[in-house]
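*Asks:* Input: one structure, supplied below.
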Amino acid sequence: MDIPLRTHTMMRTRPTPQRYSRTWDAGSSCIADARDAVQALLSRARPAPHRRAVQDAQLVVSELVTNAVRHAPGPCGLRLELSPDSTALHVSVTDTSPERPRQRPPDPCRVGGHGLHLVSLLTGGFEVTPLAHGKRVTATVALTGA
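Count along the sequence shown starting at 1, add 75, and that's the number in the working numbering.
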């Protein structure tokens, strides 16, 4: 199910966050779609985040969605929420596996297995929430600073 990027036009006393959500059946094309969604959502942020912050957010989303596609059967979902002041992007990825993601120790000789380490470095950590049919992994990317 696609929920398009949108802004709320109703008069409010506080700004509302901008959101994006999408669910994919499976496949690697969802990884590119997820990166594109980050770019599209952050292009609406005011003030505009630094290019490096956008790239960091895209990397975090790419790694979390890649893990969902590789390690869980069935659909995966993505939810992005830009904070009202555009200082943070909240990322949630759901999948059908009940297994908690395991962060391997860094090993420069190993091919692969570095995604969660990158996510932790770029976000300060991630949270795993068990769901009735899988789990949700959430992280927050700061959009301030270079």
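Every residue, glycine too, gets a C-beta built ideally from N, C-alpha and C. Here the structure is a predicted model, which is why all the values come from computation and not from measurement.
Rounded to a whole number of angstroms, what is the C-alpha to C-alpha distance between Gln93 and Ala123?
*Replies:* Cα to Cα, Gln93 sits roughly 14 Å from Ala123.
*Asks:* By DSSP's criteria, Glu202 is part of a beta bridge. Which residues make up the other side?
*Replies:* The partner list for Glu202 (beta bridge, DSSP) reads Thr213.
*Asks:* With burial defined as no fewer than 16 other Cβ atoms inside 10 Å of the residue's Cβ, what is the status of Gln133: buried or exposed?
*Replies:* Gln133 is buried by the Cβ-count criterion.
*Asks:* In terms of alpha-carbon separation, which member of Arg154, Val168, Leu196 lies closest to Val34?
*Replies:* An answer regarding residue 34 cannot be provided, because it is not within the stretch 76 to 221 covered by the chain.
*Asks:* Note down the Cα distance separating Met85 from Ser158, rounded to an integer number of angstroms.
*Replies:* At Met85 the pLDDT is 49, less than 50, meaning the model places this residue with poor confidence and gives no usable figure here.
*Asks:* With DSSP as the reference, label Leu164 as helix, strand or coil.
*Replies:* If DSSP states are grouped into helix, strand and coil, Leu164 belongs with the strands.
*Asks:* Does DSSP put Cys151 in a helix, a strand or coil?
*Replies:* Correct three-state label for Cys151: strand.
*Asks:* For Asp170, write down the residues that DSSP places opposite it in a beta bridge.
*Replies:* DSSP, once it has assigned bridges, lists Lys210 as partnering Asp170.
*Asks:* Determine the closest residue to Ala112 out of Ala163, Arg97, Thr162, with distance taken between C-alpha atoms.
*Replies:* Taking only the C-alpha atoms, the option nearest Ala112 is Arg97.
*Asks:* Count the other CB atoms within 10 Å of the CB of Val186; is the residue buried (16 or more) or exposed (fewer)?
*Replies:* Exposed, by the Cβ-count rule.
*Asks:* Could one say the Cβ of Leu191 lies closer than 7 Å to chain C's Cβ atoms, at least one of them?
*Replies:* Among the chains in the structure shown there is no chain C, since it carries only a single protein chain.
*Asks:* Are Gln178 and Leu196 close, meaning C-beta to C-beta below 7 Å?
*Replies:* Not in contact: Gln178 and Leu196 (Cβ atoms no closer than 7 Å).
*Asks:* Please report the straight-line C-alpha distance between Asn142 and Arg121, rounded to a whole angstrom.
*Replies:* Each residue's Cα considered, the two are about 31 Å apart.
*Asks:* Here's a check: name, in chain order, each residue in its chain whose Cβ is nearer than 7 Å to the Cβ of Pro173, leaving out the five neighbours to either side.
*Replies:* Cβ within range, chain order: Pro205, Gly209, Lys210.
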